[in-house]
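Right, one structure below, let's go through it.
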Amino acid sequence: MIKAILIFNNHGKPRLSKFYEHYNEDTEQQIIRETFHLVSKRDENVCNFLEGGMLIGGSDYKLIYRHYATLYFVFCVDSSESELGILDLIQVFVETLDKCFENVCELDLIFHVDKVHHILAEMVMGGMVLETNMNEIITQVDAQNKMEKSETFIFQSTRQDR
Amino acid sequence: MPAVSKGDGMRGLAVFISDIRNCKSKEAEVKRINKELANIRSKFKGDKALDGYSKKKYVCKLLFIFLLGHDIDFGHMEAVNLLSSNKYTEKQIGYLFISVLVNSNSDLIRLINNAIRNDLASRNPTFMNLALHCIANVGSREMAEAFVSDIPRILVAGETMDSVKQSAALCLLRLNRTSPDLVPMGEWTARVVHLLNDQHLGVVTAATSLITTLAQKSPEDFKTSVVLAVARLSRIVTSAAIDLQDYTYYFVAAPWLSVKLLRLLQCYPPPEDAALRSRLTECLETILNKVQEPPKSKKVQHSNAKNAVLFEAIALIIHHDSEPNLLVRACNQLGQFLQHRETNLRYLALESMCLLASSEFSHEAVKTHIETVINALKTERDVSVRQRAVDLLYAMCDRSNSKQIVAEMLSYLETADYSIREEIVLKVAILAEKYAVDYTWYVDTILNLIRIAGDYVSEEVWYRVIQIVINRDDVQGYAAKTVFEALQAPACHENLVKVGGYILGEFGNLIAGDPRSSPLVQFNLLHSKFHLCSVPTRALLLSAYIKFINLFPEVKGTIQDVLRSDSQLRNADVELQQRAVEYLRLSCIASTDILATVLEEMPPFPERESSILAKLKKKKGSSKLPDLDDVRRSVNGSTDHAENTEATETVSAHSFTDKLNLNSTPSSGPSLLVDVFSDVSSPAATDMSEEHFPRFVCKNNGVIYENQLLQIGLKSEYRQNLGRMYVFYGNKTSTQFLSFSSAVTSSDILKTQLTVHAKTVDPMIEGGAQVQQILNIECLSDFSDAPVLSIQFRYGGTLQNIAVKLPVMLNKFFQPTEMTSQDFFQRWKQLGAPRQEVQKIFKAQHQMDSDVAKAKLLGFGVALLDGVDPNPANFVGAGIVHSKTTQVGCLLRLEPNTQAQMYRLTLRTSKDSVSQRLCELLSDQF
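Protein chains in written order, with the UniProt record's numbering: chain A, 1 to 162; chain B, 1 to 926.
Written out as C-alpha cells, the structure is:
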C-alpha cells in the first residue's frame, strides 16, 4: 500500500502532499520535512530506495523517489509494493503530467494544484494503484476537462477577479 | 491538445499564489495568508450566494494554504454543500477538499455520507467514481459501516462500467484494510475471482490487488483464483507485446499486472495439479529467459519494468522453495545483478538474496557470492545498499564462514554510518555467539565490539556475554585475563568497566596467581575507573568490591577503607550510600563462612532465547530477519527481561534499576538524523505531552513524562494558595545532556491567575544522573489552564525539545473543611443559584470501588463528610479553594449507580467558573 505521495522542490517546499493514512496537520508537515532531509542529502546516481523516516513508520516502510530537475517525487510504500513497479508508476505520473501540461514545470504544479490532484486520483486511490495505462488516464482527464469547460465557460474573462 | 491549457487558470488564485511567492519573509507570508483567510471567510459568510466558479477558486486557495502548512479550520461545511451540487466542477472540488482536509473523525461524516449515497445511486459513472474515491481516501469506520454492503454489489453487477469496477474493487480493498471485520464474505466472492478473466486489464489489475488482500484473510474462499491467475499470467508472458496495446509499457507487456499476479500467487503453495504446476514453471522460466535476451529498448524504463517482473518472479520461486532448478537459476541471476552498474538492481539483488539464503536448496549457491557482498560493504557509496549487504552477510553466515563474516562486519563497524551501528553490533553479537566453536573467540569479539562501538553496545549485549561466561567454565579464566588486559587501556568504555567489574568480581581469583594481576592490582585497576563512571556502574563496582573481600581476604582492609570514605558512606546518591553502608557492615560482622555463602559465585543462568536476538527482532521486525533456526529456543524464551535484571543484581539484593529505569537504550539512528536536521532549520514544533496529566488530579507525586532519553518525575506539596513542586530530570542514557534548560510558560490569561517561579537548573546532566528543579507556585485567582514546562537539551549533538503540561490544577489549592450535616445543607441551599451548580452524569471508566473512590476524593482535596447523605453509598465532601484574592467554598456530592455503571457528580461553589473547572477535573477520574 502507498502511504503517502509527496512532491517537493530542491529547497524542500512542498508542491503536493497526499496522505492515504490520516495524520494531523503538524505531523504531515513534519513528515514532509523529514522525508526531504532524508532524500535531499543523497547523491545523484545512488539507488532510488531507502528506508522510511521514523515518523512514517521506520524500516517497515520504504521511500521510493525520483529526482527531476527541481522536483523530488517521493512515494512512501509498505512491503507489499514492488520497488521497481513504483518507480515505473512515478515515471507514468510524470509523463502524464507532462502530456497534460505540455512540458510540465514546477509552476504548473503550483498554479494547478487541483488538476494535479485529479490526475493523481486517476492513478492512485486510497493508497492502491488504480490505473497504470497512460492513455486511459489521459482519456479520463480529458473527459473531466470537457465537462468542466462546458460548465464554467460562461464565467471566463468577464469577471473582476480577486 | 494538452489536457490542461495554461490560459484557463483562475486569475484570483494566480494572483494570490504570486503574492505568496513574492513574500520576502515568513511574517509577510503569514500576514498575506491571514488576510486571504479573512477574505474567504467573509465571502463564505456573506449574504451573496457564491457561484460555482468562486467556490472552486476559494477552495483552491484553501488547499494551497493548507499545503504550506497552515491549519484550515473552516470551509468544511461549504465543501460538503458542494458535494450535493449537480455541476461536475463543484462536486469534484468539494470531494477534493474533503479527501485532502477532512479526517476520519470529523463530525461532518454523516452529511458527507448522505452525499456519497446519492452519488453511488446516481448511475452516473463520473459521480460514482468520485464517491468511491472519497470513501477510499477517507476510509473511516463510519463510512465502512454505511457502504460496505453496497460496494460488492456495484463491483460484480453486470452493467457497471469498467472504470467504476476498478474504483469499487480498490474501495473495497481499502475498507478491508481499515475495518476488516466489516467486510462480508459471500456469494460475491466467486464472482470477484472471475474478474481475473475480464477483458479490461485495468479491472483485472484492481481485482488482483483486492483478491491478494482478501486471500491473505481467508485463503480457502479464493483458492480458485490460482488457476485463473496462472492462466492470465501465462497469456501475458507469452503474448507478443503488441497484443496488449495500451498496457504495454516500454515494450514490456503489462508489467504492473504481472507483478500483481505474481504477488497473488505468493499467497498460496505451489499448485498441486501437475499440469497447472508445469504451466506456472514455464511462465517463470520464460521470465528468467527474457532477461538474457537483448533489450528491446535502451531506455531505463524498459529494463526497470522487465526487472520489476523478474524480481517478483524470483520472490515467488523463493516462496515456493520447491524447484531446486529454478532456485539456482534465480540465484545466478541475482549474482549477475550484484555487479550490475545500476545501483537499484544491486540493492534489490542483495535484498532478494537475503531470502534465498534461508532456503536449503540455494544457501550454498548464495555463499559463493560472499566476496562480492563483502566488497559491496566496503565500496558501495550508498548507505541503503551497504545496509542490505550487512543483512545478506548476516543471512548467509554459517559455521564455515562465520569468522570471516564477523571480522568483516567488525572492521566495517569502525566506519559505518551511525544510523546502522547499533544494528550491526547486535548482529555481530548474535553471530559470534551462535557460531562460536571456542568461546575465547566469542569473548574477544564482544570485547572488540565494546572497544570499537561502545556507545552502541546495548545492555542486552553485555548482559549476554556475562551470562555466557558464567555458564561456561572453560572460558572463565580466559575472560578474566582478557578483560583485565582490556581494562589497562587508559580510556576504556564504560560498558567495558561493567563487564570487567562483573567478571573480575566473579572470577578474578582465576588470574590472581600471576603477580602482574594480583588481587590488589586488580582492585586498583577497577577503582581507577570508578570516579569516571555513572551511578549504576559505580553500584556494580561496589558489588564487585564486596565480592573481592570474599575472594581475597588480603585486600579486605584496603576495600573497607574505600567503603568507609566519605565519598561512599555519605554519597548523595541513596543507592550508592546504601550499598557502601551495608557492604561495609557485612564485611565487618560476617564470619568468613557466612561471607562465602552470601557472596558465592553466581549459579548458571537457565538457557533461554538470547535477549539480543529478541532485541534485534524488535528493532527490525521479525519478518525481515531470515530465521537462523532459533525458533527452537524462542519457544521457551518469553521472559528474557527477567533474565536481564537477574544479571544486573549480582550480589546485592538491591535493584540496580533505580527510579530511572535504565533498561532502555538511547534512541537509535533515524530519529537522530531527523533531529540533527530539525536543529539546522527551524526547530521542529514539539508536541506537548499531556497524557499523564489527568493522573495527577488526585495525587501529587509520580512520573509525568518519559521517553527513551529522559524521565521526569514530580513531587509536589501545597498549602493554601502556595505550592512547591520538585521536578526530577533523570538522564536514562549513558551520555551527558548538555545545554540543559527548562522553563515554565503560561498563556497570557494564566499569567494573571497563577505565578510559577522556576529556580535555575544545572546545564549539564551526567549519564544516568538525576537533577532536581524547584518550582514555586502561587495561585492568584481561579484558573482553568495549565502551565507548560519546556525542556531543551543537547544529546549527542542533537537538540531535543520537550514540552510537558504541568499538573497544576485548581483543586491543588483546596483546604478540606469538616462540617456538620446541618451546616452542609444550609450552605448547599445558599448556593442554589443556577450557575453555581454544575452537574455531570457520566459512565464509569474504571471499576466502581467505594474505597478507591474515597481515596480519589481525598486526593482531590476535599474533606469527606460521613452521615450527611442518607444514602451511605453516596459521597459528600467540602473544601475551600484558596487563591490570593479570594477563597471559594465548595460542596460536592458524588452518587454512584453500580447497576448502570454511572456516576452523577454535583458541585456547588460560589463562583461558576470554579464549579465548572472542578467538575471537569474530577469527572475524568472515575
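Where is the CB? At the ideal position from N, CA and C, for every residue including glycine.
DSSP state of residue i mapped onto helix, strand, coil
i: B:S915; result: helix
i: A:V104; result: coil
i: B:S84; result: coil
i: B:N801; result: strand
i: B:Q387; result: helix
i: B:V457; result: coil
i: B:V497; result: helix
i: A:V46; result: coil
i: B:P519; result: helix
i: A:Y20; result: coil
i: B:R11; result: helix
i: A:Q7; result: A quick correction: the sequence has Ile, not Gln, at residue 7 of chain A. Three-state result, A:I7: strand.
i: B:Y729; result: strand
i: B:L50; result: coil
i: B:R381; result: coil
i: B:R399; result: coil
i: B:I72; result: coil
Under 9 angstroms by beta carbon: chain B residues contacting residue i
i: A:H117; result: L63, L96, S99 and V100
i: A:Y20; result: A136, N137, G139 and R174
i: A:V129; result: L170, T205, A206, S209, W256 and K260
Distance between residue j and residue i (C-alpha atoms, nearest Å)
i: B:R110; j: A:Y68; result: 42 angstroms
i: B:V497; j: B:G557; result: 23 angstroms
i: B:E27; j: B:F64; result: 17 angstroms
i: A:I119; j: A:I137; result: 7 angstroms
i: B:S84; j: B:S140; result: 20 angstroms
i: B:L214; j: B:L393; result: 35 angstroms
i: B:S384; j: B:A349; result: 13 angstroms
i: B:P763; j: B:L738; result: 6 angstroms
i: A:G53; j: B:R388; result: 17 angstroms
i: B:S218; j: B:V183; result: 12 angstroms
i: B:F66; j: B:V30; result: 12 angstroms
i: B:H320; j: A:E28; result: 40 angstroms
i: B:G69; j: B:L108; result: 22 angstroms
i: B:N22; j: B:R835; result: 53 angstroms
i: B:R632; j: A:L84; result: At B:R632, the pLDDT of 29 sits below 50, so the modelled position is not reliable; the number obtained from the coordinates is stated separately. Looking at the two C-alpha atoms, the distance is approximately 36 angstroms.
i: B:L662; j: A:S80; result: Legend: pLDDT at B:L662 = 33, less than 50; position of this residue unreliable, no value from coordinates given.
i: B:G335; j: B:I151; result: 46 angstroms
i: B:T645; j: B:Q772; result: Confidence at B:T645 is low in this model, with a pLDDT of 36, below 50, so its placement is unreliable and the value that follows should be read with caution. So the two alpha carbons sit approximately 27 angstroms from each other.
Residues that residue i contacts on chain B, provided the C-beta gap is smaller than 7 angstroms
i: A:I110; result: I17
i: A:N133; result: G202, D246 and Y247
i: A:E136; result: G202 and D246
i: A:G57; result: The premise fails here: A:G57 is roughly 10 angstroms from chain B at the closest Cβ pair, so nothing lies under 7 angstroms.
Residue i: contacting residues in chain A (beta-carbon distance under 8 angstroms)
i: B:H133; result: A121, M125 and G126
i: B:Y88; result: Q144, M147, E148 and E151
i: B:C60; result: V113 and D114
i: B:N344; result: C47, N48, F49, E83, L84 and L87
i: B:L67; result: P14, R15, L16, S17 and V113
Residues near residue i by beta carbon distance below 8 angstroms, same chain, minus five either side
i: B:N897; result: Y903 and R904
i: B:C60; result: M10, L13 and I93
i: B:E90; result: G52, K55, K56 and L82
i: B:T160; result: I154 and A168
heavy atom of the ligand ADP below 7 angstroms from residue i C-beta
i: B:L447; result: No copy of the ligand ADP appears in this structure; indeed no ligand is present at all.
Residues of its chain near residue i, where Cβ-Cβ distance is below 6 angstroms and the 5 sequence neighbours each way are ignored
i: B:I880; result: Q815, T817, Q887 and G889
Same chain only: Cβ atoms within 7 angstroms of residue i, ignoring 5 sequence neighbours per side
i: B:R538; result: F530 and L576
i: B:T224; result: V193
Under 7 angstroms from the C-beta of residue i: neighbouring residues of chain A
i: B:R381; result: D43 and V46
i: B:A14; result: F111
Uninterrupted alpha helix (DSSP H) stretches inside the stretch 142-221 of chain B (no shorter than 4 residues): 150-156, 162-178, 188-193 and 201-217
Runs of beta strand (DSSP E) wholly within the stretch 736-790 of chain B (minimum 3 residues, chain order): 737-745, 754-758 and 770-779
Complete alpha helix (DSSP H) runs within the stretch 799-835 of chain B (minimum length 4 residues, chain order): 821-830
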